[in-house]
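Let me begin by presenting the structure, written as structure tokens, before commenting on it.
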Amino acid sequence: MMTLMNPQIVIQVGEYLRAQGYEFTTVTPETHRRVLARPFNKMNLEDPKLALREFFGWNRSVKPDVLPMELVSILRNSDLLDSENGKIKSRLRFSTLDKNIYAHSSFPTDQETSVFFGPDSYRFVSFLKRHITSGNKVLDIGCGSGVGALSLSDRIDAQALCDVSESALVFAKANAILNACPNVEFYQSDVLKNAPHGADVLIANPPFIMDEQKRKYRDGGGQYGAEIALKIVQESLGYLNRLNHDGILALYTGSCIVNGKDMFLNEVKNIIPPTGYQLSYEEIDPDIFGEEMSQEPYREVERIAAVGLVLRKS
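Letter by letter, the sequence shown follows residues 1 to 314 of UniProt numbering.
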């Protein structure tokens with residue numbers, strides 16, 4: 001189980017991959033599924049670097065002799081391999097973003113404890129870097145792999161990473177060490193319940209899918225999948241109100257568009273106080289996760305938009 005994963009092993013494997021020049025951009029689950037379903041060029045397994053991408057990126061099952069024996073032994077001894085029909089499959093993946101490398105869950109991410117990394121992660125980081133230029137301490141709410149706060153380590157020295165999932169914190173701790181982010185604290189917290197005080201930069205990339213299986217990393221709850229995001233906005237207002245100085249919330253999420261109306265934004269406007277805060281809002285990508293439109297919860301939804309909210313205490 002992911003909660004039992006040894007972060008030191010994750011770090012060891014990640015450092016090995018970095019030394020080999022490993023690079024991989026993680027795609028959506030649907031794209032990943034389609035790539036795995038089509039005919040595979042087995043010649044890729046003869047190239048050591050490409051073999052690592054196939055195994056740790058595309059998460060293909062391969063014969064053990066495709067990989068270095070020492071690497072296979074480390075994974076096997078740490079219970080990080082699945083074996084079937086003479087082939088092995090990794091129980092974790094690695095993605096790269098800018099110069100960093102991040103460990104996360106294997107494909108498909110259908111377990112309750114899965115820790116997701118994908119196109120939303122890349123959009124989230126791009127959004128953060130456009131809006132967050134400095135700060136004393138960043139608090140990542142629902143940190144997952146930790147990619148949000150860790151990507152800001154070059155401009156904010158102190159990071160606090162919070163998640164309700166133990167599995168997420170295992171990955172986040174490993175990724176902090178992998179990417180040389182020394183001044184990081186970790187808290188198991190449902191939104192801001194157990195979060196530390198004093199951060200002036202709050203960031204979040206909450207789940208937003210109306211997931212019939214109710215998986216924590218994916219399910220955004222009611223209100224068209226915006227329930228968790230709205231809870232974060234509400235609790236962040238209380239957090240920022242307690243600061244005796246300026247503060248900011250930068251939140252990236254997906255919003256259901258129904259009859260041309262942004263359902264998340266409609267609710268946000270009812271939460272934000274009329275004075276004391278400046279709200280900016282943008283549609284980052286007009287159409288994401290289109291495959292969800294065929295699911296029953298989305299029968300009234302015309303699209304899901306990737307959106308970014310910035311709330312500044314003034």
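Backbone N, C-alpha and C define an ideal beta-carbon position, used for all residues, glycine too.
{"Asked": "Pro-207 burial status per 10 Å Cβ neighbour count (16 or more: buried)", "Found": "buried"}
{"Asked": "Proximal residues to Thr-3 (C-beta, below 8 Å), its chain only, five neighbours per side dropped", "Found": "Residue confidence for Thr-3 is low, a pLDDT of 41 falling below 50, so the modelled location carries little weight and cannot support an answer."}
{"Asked": "Whole-angstrom C-beta distance between Val-115 and His-104, which should lie under 8 Å", "Found": "5 Å"}
{"Asked": "DSSP-derived helix/strand/coil call for Arg-60", "Found": "coil"}
{"Asked": "Closest residue to residue 387 among Gly-142, Leu-97, Phe-55 and Pro-64 (Cα-Cα distance)", "Found": "Residue 387 is absent from the model: the chain starts at 1 and stops at 314."}
{"Asked": "Boundaries of the beta strand (DSSP E) in which Phe-94 is found, first to last residue", "Found": "92 to 97"}
{"Asked": "Residue closest to Arg-312, alpha-carbon to alpha-carbon, out of Pro-273, Glu-283 and Pro-48", "Found": "Pro-273"}
{"Asked": "8 Å CB neighbourhood of Val-27 in its chain, flanking five on each side removed", "Found": "Val-35, Gly-118 and Pro-119"}
{"Asked": "Assigned exposure category for Met-43 - 16 Cβ within 10 Å defines buried", "Found": "exposed"}
{"Asked": "Rounded straight-line distance, which links the Cα of Tyr-281 to that of Ile-257", "Found": "15 Å"}
{"Asked": "Same chain, Cβ closer than 6 Å to Met-210, five either side skipped, listed in chain order", "Found": "Gly-225 and Pro-297"}
{"Asked": "Ser-83 to Gln-188 span [Cα, whole Å]", "Found": "32 Å"}
{"Asked": "Option in Asp-140, Asp-157 and Asn-175 with minimal Cα separation from Asp-163", "Found": "Asp-140"}
{"Asked": "CB contact flag (Ser-236, Leu-192, <9 Å)", "Found": "yes"}
{"Asked": "Inside the region 97 to 162 only - beta strand (DSSP E) runs reaching at least 3 residues", "Found": "100 to 105 and 137 to 141"}
{"Asked": "Simplified DSSP assignment, three categories, for Ala-176", "Found": "helix"}
{"Asked": "Where Lys-214 falls, given that 16 or more other Cβ within 10 Å makes a residue buried", "Found": "exposed"}
{"Asked": "Identity of the residue in Ala-250, Asp-262, Gly-198 and Asn-259 nearest Tyr-239 by Cα", "Found": "Gly-198"}
{"Asked": "Inter-stretch contact (C-beta, 8 Å, three-pair minimum) for the region 6 to 25 and the region 53 to 63", "Found": "yes"}
{"Asked": "CA nearest to the CA of Arg-303, picked from Asn-6, Gly-260 and Tyr-217", "Found": "Gly-260"}
{"Asked": "Integer-rounded CB distance, given that Val-307 should sit under 8 Å from residue 319", "Found": "Outside the modelled stretch of the chain, which goes from 1 to 314, sits residue 319, for which no answer is possible."}
{"Asked": "Start-to-end residues for the alpha helix (DSSP H) that takes in Ala-229", "Found": "227 to 241"}
{"Asked": "Assigned exposure category for His-245 - 16 Cβ within 10 Å defines buried", "Found": "exposed"}
{"Asked": "Alpha carbon of Asp-190 to alpha carbon of Asn-136, nearest angstrom", "Found": "23 Å"}
{"Asked": "Span of the beta strand (DSSP E), counted from its first residue to its last, around Lys-313", "Found": "303 to 313"}
{"Asked": "Reduced DSSP category for Leu-67 - H, G, I as helix; E, B as strand; rest coil", "Found": "coil"}
{"Asked": "Distance between beta carbons of Arg-93 and Leu-80, contact taken as under 8 Å", "Found": "No, Leu-80 and Arg-93 are not in contact; Cβ-Cβ is about 11 Å, not under 8 Å."}
{"Asked": "Backbone CA spacing between Gln-159 and Ile-288 [nearest angstrom]", "Found": "29 Å"}
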